[in-house]
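S.K.: Take this structure first; my questions come after.
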Amino acid sequence: MATQLNLSDSDSSDLSDQSVFTRRSNRSLRIAEQERRKKEEEDPFVLALKYFSEVEAGTPATGNDELENNLVRVEKVAFSRGLSPEAISVMLDFAMSLRMGSSPCARVLKCLLPASVVPQEAVVRAIVWLTVRKLPISTQVLFMKWVLTVFDMIDAKDKLRAIYGFIFSFVTDENLCPFICHLLYLLTRKENVRVFRVRKLLEQQSKLGRQPYLLYLLSLYKVFCPELVTLSIPSRMKSGFKNHISPWKSALIAVQKRNDMQVASSISLAFAVRDKTASRKRKHAHLDLPSLNPVTIKEPQAAQSSSRKLVPMQQIQSFAQLLQNMHRIELPAQMGSLLGSSLALQYLDCVQDESALLRLNFWLGYTLHEEFLFCSDGGANKNPEEALQFLNRLLSVQHFLQEGFNSSDAFMYKFLNVWDGSLLRPQILGLLSNIPVIPSSQIKTLLFDPLMQLFFTSSLFFKCGLIECLNHMLLKWLTWHSAYALEDDLDISLNSHTSINITLSGFKDSVMELVHFVGRLASVGLQLEDCHSLLLSFILDFYETVCDTFLKFGLPLVVMPPPGVFYPAFFAADPVSVDRLAFIMHRYKVNLTSAKRQEKVTEGFHISRQTFREFNRYQVFLVNCLWNSNMCYPEADVRLSDELLAKSGVPQFSTRFDLIHHPAFVSYALDFHHKCWPGRKDTDLNSIKQSKPWNWYLEYLFTQGFDGLKDFVQNSINQRVMMAGDGCDNVTQSQKLGSAPHIKQPLLS
Amino acid sequence: PHSGVVKRRSKSQSYRRSIRTCFGVASGLGLTPALTARRMNTSRKAPRSQNITEKVKPEHLELLVKTEWQLSYVTPLYQFRHTQLKSYSRQLSAFIAAEKQEGLAVEVGGLQNTFKVSFSVLQGLAETSDDPETVLIQVQSKPMFARQEDPPKTVWCGWLSCINGNPEYLQSLPKDFTCLPLFCSKGAEDLSSLVKSWLQRTFDCCFGPLDINQTTLQWLAALWTNCHMETNIQNLKMIWTLPVLPPLQVTYTVDSDDVLDLWRSTRESSAEKSREAEDEVCIDFSEVTRFMQGLMSHFYRHFRVDLSAGELNQVSSALGSAKVNGKIKISSSRYLISIFSLLTECALLKMPI
Numbered sequence: 029m030a031t032q033l034n035l036s037d038s039d040s041s042d043l044s045d046q047s048v049f050t051r052r053s054n055r056s057l058r059i060a061e062q063e064r065r066k067k068e069e070e071d072p073f074v075l076a077l078k079y080f081s082e083v084e085a086g087t088p089a090t091g092n093d094e095l096e097n098n099l100v101r102v103e104k105v106a107f108s109r110g111l112s113p114e115a116i117s118v119m120l121d122f123a124m125s126l127r128m129g130s131s132p133c134a135r136v137l138k139c140l141l142p143a144s145v146v147p148q149e150a151v152v153r154a155i156v157w158l159t160v161r162k163l164p165i166s167t168q169v170l171f172m173k174w175v176l177t178v179f180d181m182i183d184a185k186d187k188l189r190a191i192y193g194f195i196f197s198f199v200t201d202e203n204l205c206p207f208i209c210h211l212l213y214l215l216t217r218k219e220n221v222r223v224f225r226v227r228k229l230l231e232q233q234s235k236l237g238r239q240p241y242l243l244y245l246l247s248l249y250k251v252f253c254p255e256l257v258t259l260s261i262p263s264r265m266k267s268g269f270k271n272h273i274s275p276w277k278s279a280l281i282a283v284q285k286r287n288d289m290q291v292a293s294s295i296s297l298a299f300a301v302r303d304k305t306a307s308r309k310r311k312h313a314h315l316d317l318p319s320l321n322p323v324t325i326k327e328p329q330a331a332q333s334s335s336r337k338l339v340p341m342q343q344i345q346s347f348a349q350l351l352q353n354m355h356r357i358e359l360p361a362q363m364g365s366l367l368g369s370s371l372a373l374q375y376l377d378c379v380q381d382e383s384a385l386l387r388l389n390f391w392l393g394y395t396l397h398e399e400f401l402f403c404s405d406g407g408a409n410k411n412p413e414e415a416l417q418f419l420n421r422l423l424s425v426q427h428f429l430q431e432g433f434n435s436s437d438a439f440m441y442k443f444l445n446v447w448d449g450s451l452l453r454p455q456i457l458g459l460l461s462n463i464p465v466i467p468s469s470q471i472k473t474l475l476f477d478p479l480m481q482l483f484f485t486s487s488l489f490f491k492c493g494l495i496e497c498l499n500h501m502l503l504k505w506l507t508w509h510s511a512y513a514l515e516d517d518l519d520i521s522l523n524s525h526t527s528i529n530i531t532l533s534g535f536k537d538s539v540m541e542l543v544h545f546v547g548r549l550a551s552v553g554l555q556l557e558d559c560h561s562l563l564l565s566f567i568l569d570f571y572e573t574v575c576d577t578f579l580k581f582g583l584p585l586v587v588m589p590p591p592g593v594f595y596p597a598f599f600a601a602d603p604v605s606v607d608r609l610a611f612i613m614h615r616y617k618v619n620l621t622s623a624k625r626q627e628k629v630t631e632g633f634h635i636s637r638q639t640f641r642e643f644n645r646y647q648v649f650l651v652n653c654l655w656n657s658n659m660c661y662p663e664a665d666v667r668l669s670d671e672l673l674a675k676s677g678v679p680q681f682s683t684r685f686d687l688i689h690h691p692a693f694v695s696y697a698l699d700f701h702h703k704c705w706p707g708r709k710d711t712d713l714n715s716i717k718q719s720k721p722w723n724w725y726l727e728y729l730f731t732q733g734f735d736g737l738k739d740f741v742q743n744s745i746n747q748r749v750m751m752a753g754d755g756c757d758n759v760t761q762s763q764k765l766g767s768a769p770h771i772k773q774p775l776l777s
Numbered sequence: 022p023h024s025g026v027v028k029r030r031s032k033s034q035s036y037r038r039s040i041r042t043c044f045g046v047a048s049g050l051g052l053t054p055a056l057t058a059r060r061m062n063t064s065r066k067a068p069r070s071q072n073i074t075e076k077v078k079p080e081h082l083e084l085l086v087k088t089e090w091q092l093s094y095v096t097p098l099y100q101f102r103h104t105q106l107k108s109y110s111r112q113l114s115a116f117i118a119a120e121k122q123e124g125l126a127v128e129v130g131g132l133q134n135t136f137k138v139s140f141s142v143l144q145g146l147a148e149t150s151d152d153p154e155t156v157l158i159q160v161q162s163k164p165m166f167a168r169q170e171d172p173p174k175t176v177w178c179g180w181l182s183c184i185n186g187n188p189e190y191l192q193s194l195p196k197d198f199t200c201l202p203l204f205c206s207k208g209a210e211d212l213s214s215l216v217k218s219w220l221q222r223t224f225d226c227c228f229g230p231l232d233i234n235q236t237t238l239q240w241l242a243a244l245w246t247n248c249h250m251e252t253n254i255q256n257l258k259m260i261w262t263l264p265v266l267p268p269l270q271v272t273y274t275v276d277s278d279d280v281l282d283l284w285r286s287t288r289e290s291s292a293e294k295s296r297e298a299e300d301e302v303c304i305d306f307s308e309v310t311r312f313m314q315g316l317m318s319h320f321y322r323h324f325r326v327d328l329s330a331g332e333l334n335q336v337s338s339a340l341g342s343a344k345v346n347g348k349i350k351i352s353s354s355r356y357l358i359s360i361f362s363l364l365t366e367c368a369l370l371k372m373p374i
C-alpha cells in the first residue's frame, strides 16, 4: 500500500476498511472478554498481555522476574505466530509510554511482529508518546524503522495523514530526519505540500547539506507542486530511500509464511529518477524520450478548483489506478513522454485533446526530422543502435494504437525521397505500411515516384520487402474501410454525404491506384529478377489480399492481376506458385460471382465489365492449358503464332502446359505413372489422359496438398464431362465460353 | 475537445480521425503538411530602410544590433502567455540555480543570488497582427568577487520572435499554441542549453539548430547589395570553401559600387516587365541566381576557379554578416526587420508539421 497513490478516493475505502476492522475487533474483543474470563488462569499469553496493559508506571525493570517471564511468553508467540492487532496495540503502548523505563523498550519493539495488521490508532498513539516521553535516540530510531517496516500492514492511513503536520515537525530532529522523510514520502498528498513546509525542508537542507532523503521528499513535493520547488537529482543519487526494514525482515517473512499469509511486498519505492546515463553520451539527445514531468505553470483560473483534483500522470503506477483516475489525469508537461511507458500509452489511446495530440506530433516530427533528415549531429548513421531502438518503439506504439501519427507520415513522405533503401529497412518499411489512405490525386508524387525509383535500383530482397510492405498497407486500408463501414452501418453504395472527408469512390480510387501500382512493380520486377520464385511468392501474397477485397472487406472493387504477373505465375516451374495462382483465380471467381449477385440487388453497385472480361480471359486460358492441352489465348493481348511455336521444335507444343506436362507437375505425373503402372518399362505420360487414370491422377494431386488447385478444379471445371479421349484437337473451340463443356458458369455478361 | 476530458474513443471515430488528420479538413493544421510541402518564397520585397527607432525602444535596439546571434528554430510553444512573464522569470531562475547545484533543491521564487532571469516583451518587432510579440530573456549574474554596489552583469541573452511569419501557418495553429519559431541567443553554451531545456519542459516545444543555408546566404548577399541604393554597404564580402586538397578558402570582396552595378544590370533585364508594378519593389529568386552567377563568372574570368563547385560559407557587408553555421550579426537597425523576416521564414521551413 505504500506504493499506492495517496488519493482522496482511496479515503472512503480506507475508512470502510477501518470500520470493518473496528467492528471485527470489537467483536473479537468481546469474545476475547468472555474467553478470558474462562481461560484467565490457563493461557499464559493472555496473562502476559494483561500484565503489560496493567503494569503500573514506575515498576522497576531490572531484576524483575515477572517482567522477564511475561516478555519471554510474548516473544515466543510473536516469533512463532505473530501478534494480533490488540497485542501489538498493548505492547506498543507499554513500550512507548516508558511505564517501566526505557530498558525493555528496544526488546519489546523488536518482537512487534504483526500476525495480520497493525492498528492505526496504536501507531498514532505511539507517535504522540514520542513527543511526551524522553526515549533514547536509538529507540526513537528503532521505532521509526519499525513503522516503516510495517507501513504496508497498517490497517488505514487516514489518521496518520491527519497528523501529517505533527509528523512533519520531527524533520528538524537530525537523527529522525531520514526516517521521518521516508514516512512523509509515503504519506504525502497534494494538499500536504505547502510553501512553509518546502521552506522548512530547504532550511534543513542548508543545515544538513545535500541529503538524499531530503531531496527525495522534495522531489515528490515537486511532482505535486512544481510551482513551489525545483531540483535536479544527480545520477549517483538515484537508488531511493535506504531500506530500513532489516531488523524485522527475516522474522516477519517467517511469521507470514507460517500464517500462510501473502507475503507483504517489501517497501519498495516507486521512485522514478530520470536515467541520465543514456543522454550523457550524446550531445544532442533527440532520440531520448522526455521524462514524465507534471506541468509547471498552471493556468491561473484553472489552478483554484480543478487542478487541485488533477492527478499527474507520473503518479499513476498501475492499470487499476489508471482506471480509477481516468477522468482527472493531468497530461504531462511534455507529451512525448507518454510514449515511454505502456501505461501512458493506454491513456494516450483515450486522449481526445487536439492540442495534446498536436504537441505529441510536433515532438515526434521534430525528432524524426532532426535524426534522419537534418542530421545535425550525424543522425542515424552515427548512432544506428539508438535510431533502431527509437523506430522500434515508435512502431510498437503505432501497432498498439493501431494507427500512425501524422507527423511520422509527413516525415515518411519526405524521407522516401532521400532513403537509400537499406538504412533501417525493416523499420522504415514498417512505418511505411502504417501510412493511411492517400487521395489518389497525390498518391503518385508522395508514394509511387520515390518507391518506384527505390524498387528498380535495389536488390531482390528489397523488392520482396517492399511488396510485402505494400501488401500490409493495403490490408490496413481495407481493414479501416471494413471496420468503418460496418460500425457506422454505412451503406457501401452511399457516398460523399457522410461525415468523413473521403468518399467511398475516393477510397476506391486510392486502393485501385495502389493495386495497379503494385501490378506494375510486380510485372517489371519479375522480368528483372528472372521470375524469381521468392519475389513471385510475395507478389502472390499481395494478390491473395486483392482477390478478396469484396467478400472479406466489403469493398465493391475487384482488380485483376496484370498479364505480367499472371503468366509468369502460371509458367512457374514450382508447383506451389501454380497452386496459389489457381487458388487466387478461385477466390476471384467467388468474389465476382457474389458481386454480380449484389449488383442485381443494390442500386448503383457496379463492377467494371472490363474486370469480368479479364477474368474470363485468364480463366479460359487456365482451363485450356491445364485441362484441354490447348494453349490458346482468348481475345489475347499476347499471342504467339502457331508457326513460331512450331519452329521451336518442341513436339506437341500445345500440350506442354497441361496438368501432366506442365514443368511444375511433370514430376508428379511421373511418380503417378510409376505407381499406376509399376510394371511398365516405357513411360507414356499421355496414358494418364485416359478418363479413369485422369481422375486418379487428380485425386493423387489433391492428396499432395494442392488445395488451391483442388478448389479451382472443383469450382471451375465441370467434373462430369471429363476429357474425352485425347482431347487435344477436338476442343479448339473451347475458347468460346459456354460451348466448352469444361467451364462452369461463364461470368461474362 | 480542448477540455482534456477523456472519453473512450470508438474505433470509428478513430478511423475518422485518421482520415481527417490525413486530409486535414477538420483541424486547421492537419492540412497535411507533407502533402503541401512548404517551400521558400521565390520572391520577396526589397528591404526598405525603416526608421525602426519609432517602434522599438532604443535600449532594446542596442541589444539586438552589433552582437552575433546563434540561431535556432523552435516548434510552437504550448500554453505560453505573454502575461505570465514574471512567473516564468521566477521559474527559470530557480531552475538554473537547481541545475547548477545538482542535488540541492531550490525554492521557486526564492532569492537567487547567483542567477537572475528576466523575461520581457520586446515590443515593436512584430510586423503583422498574426505575429506574436517578441520575447526577450536575459540572465544576469554577479561576478564572484564583485563589490556589493556593482550592478549585475548580463551573462546570457536570447529572444524568441516571429517576424512576418507565414499567416496561413500561424492561423492554422490552435490558440493554445504560440508560434515564435526563431530563437537567437548569445552567451555561455551551458546557459543556452539550460534555458532551452527549461523552455522545452515548460512549453513542450523542441529546439533545433538553424543553419543559414546557401540559398539564404545568396538572398542575403542580394538584399544587402540592394540596400546600397540607400545606405553605403562599403563592400560585399563572401567566403567560399572549395572541395580540393588541401581545402581552399576563397575570400571574395567586391566594392559596393561595382556590386551594385552588377545587381542593377541583373535587375534591369527583368525589371522592365515589372516596371509598371506598384512602388513595392519585388526581387525574384531568379534574379538572385543570376546575380550570383555574374559574381562567379567574373571570378572565373580572373582566377580560373569555378566557385559554383564550392560552398558559400559567409556573407558580410557593412550592414552585417551571416555564416552558414547559423551565426548572424546585424550592424544596422535599418534593415533589421527584413533580415529577420527572412530568418523567420527559414525557421518556419524547419517545422516538422
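Chains D and R supply the protein sequences, listed in that same order. Using this note's numbering, you'd call the opening residue of the first sequence number 29 and step up by one each time. Using this note's numbering, you'd call the opening residue of the second sequence number 22 and step up by one each time. Where a beta carbon is used, it is the ideal one built from N, C-alpha and C, also for glycine.
Quick one: does D:Pro383 have its CB under 8 Å from some CB of chain R?
M.R.: One detail in the question is off: residue 383 of chain D reads as Ser in this sequence, not Pro. Yes, D:Ser383 counts as interfacial toward chain R.
S.K.: Could you spell out where the alpha helix (DSSP H) holding R:Phe136 opens and where it closes?
M.R.: Looking at the DSSP string, R:Phe136 is not in any alpha helix (DSSP H); the run it does join, the beta strand (DSSP E), is 136-143.
S.K.: Output the distance between the C-alpha atoms of R:Ile144 and R:Val95, rounded to the nearest integer angstrom.
M.R.: For the sequence presented, residue 144 of chain R should be read as Gln rather than Ile. The alpha-carbon atoms of R:Gln144 and R:Val95 are separated by roughly 20 Å.
S.K.: Going straight from the alpha carbon of D:Cys253 to that of D:Leu246, what length do you get?
M.R.: 10 Å
S.K.: Within the continuous beta strand (DSSP E) that includes R:Met259, where are the two ends?
M.R.: 256-263
S.K.: Relative to the C-alpha of R:Ile117, which residue among D:Lys187, D:Leu259, D:Glu541 is closest?
M.R.: The residue from D:Lys187, D:Leu259, D:Glu541 with its alpha-carbon nearest to that of R:Ile117 is D:Leu259.
S.K.: At the level of alpha carbons, what is the spacing between R:Ala67 and R:Lys137?
M.R.: 41 Å
S.K.: Name, please, each residue of chain R whose Cβ falls closer than 7 Å to the Cβ of D:Gly393.
M.R.: Pro373, Ile374
S.K.: 8 Å is my cut-off, CB to CB: does R:Leu369 come that close to chain D?
M.R.: no
S.K.: Using CA atoms only, rank isn't needed, just tell me which of D:Arg217, D:Asn97, D:Glu202 is closest to D:Glu1.
M.R.: Not covered by the structure: residue 1 of chain D. The range shown for chain D is 29 to 777.
S.K.: Answer yes or no: does any C-beta atom of chain D fall closer than 8 Å to that of R:Tyr99?
M.R.: yes
S.K.: Compare the Cα-Cα distances from D:Lys617 to each of D:Asp537, D:Met128, D:Ile745 and report the closest residue.
M.R.: D:Ile745
S.K.: Measuring CA to CA, which of D:Trp705, D:His614, D:Leu620 is closest to D:Gly736?
M.R.: Looking at the Cα atoms, D:His614 is the closest of the given residues.
S.K.: Spell out the partners DSSP gives R:Tyr273 in its beta bridges.
M.R.: R:Met259
S.K.: Using the three-state DSSP reduction, which class does R:Cys367 fall into: helix, strand or coil?
M.R.: helix
S.K.: 8 Å is my cut-off, CB to CB: does D:Ala361 come that close to chain R?
M.R.: Yes, its Cβ sits closer than 8 Å to a Cβ of chain R.
S.K.: Should the stretch 276-290 of chain R be called in touch with the stretch 244-252 of chain R, which here means at least 3 C-beta pairs below 8 Å?
M.R.: yes
S.K.: Assign D:Glu94 to one of three DSSP states: helix, strand, or coil.
M.R.: helix
S.K.: Apart from the five residues just before and just after R:Val127, which ones in its own chain have a Cβ nearer than 6 Å to its Cβ?
M.R.: Ala115, Ala118, Ala119
S.K.: Rounded to a whole number of angstroms, what is the C-alpha to C-alpha distance between D:Gln718 and D:Phe570?
M.R.: Taking the CA atoms as reference points, D:Gln718 sits about 38 Å from D:Phe570.
S.K.: Using a Cβ-Cβ cut-off of 8 Å, state whether R:Val77 counts as contacting chain D.
M.R.: Chain D places no beta carbon closer than 8 Å to that of R:Val77, leaving this residue out of the contacts.
S.K.: Taking the beta strand (DSSP E) that R:Gln71 belongs to, which residues open and close that run?
M.R.: No beta strand (DSSP E) holds R:Gln71; DSSP gives it neither H nor E.
S.K.: Hey, is D:Gln555's beta-carbon within less than 8 Å of any beta-carbon in chain R?
M.R.: no
S.K.: Shortest alpha-carbon distance to D:Cys403 belongs to which of R:Asp232, R:Asn62, R:Lys121?
M.R.: R:Asp232
S.K.: If we ignore side chains and look at the alpha-carbon of each, how far apart do D:Arg387 and D:Gln362 end up?
M.R.: 8 Å
S.K.: Would the beta-carbon of R:Ile184 fall within 8 Å of that of R:Ala243?
M.R.: no
S.K.: Closer than 7 Å by beta-carbon distance: list the chain R residues that pair up with D:Glu255, in chain order.
M.R.: Near D:Glu255 (Cβ distances below 7 Å), the residues of chain R are Val129.
S.K.: Please identify, using Cβ separations under 9 Å, the residues of the stretch 426-437 of chain D that lie next to chain R, in order along the chain.
M.R.: Leu429, Gln430, Glu431, Gly432, Phe433, Asn434, Ser435, Asp437
S.K.: Relative to chain D, which residues along the stretch 136-154 of chain R have a C-beta separation below 8 Å, given in chain order?
M.R.: Flagged: no residues at all.
S.K.: Determine the DSSP secondary structure at R:Pro230, reduced to helix, strand or coil.
M.R.: strand
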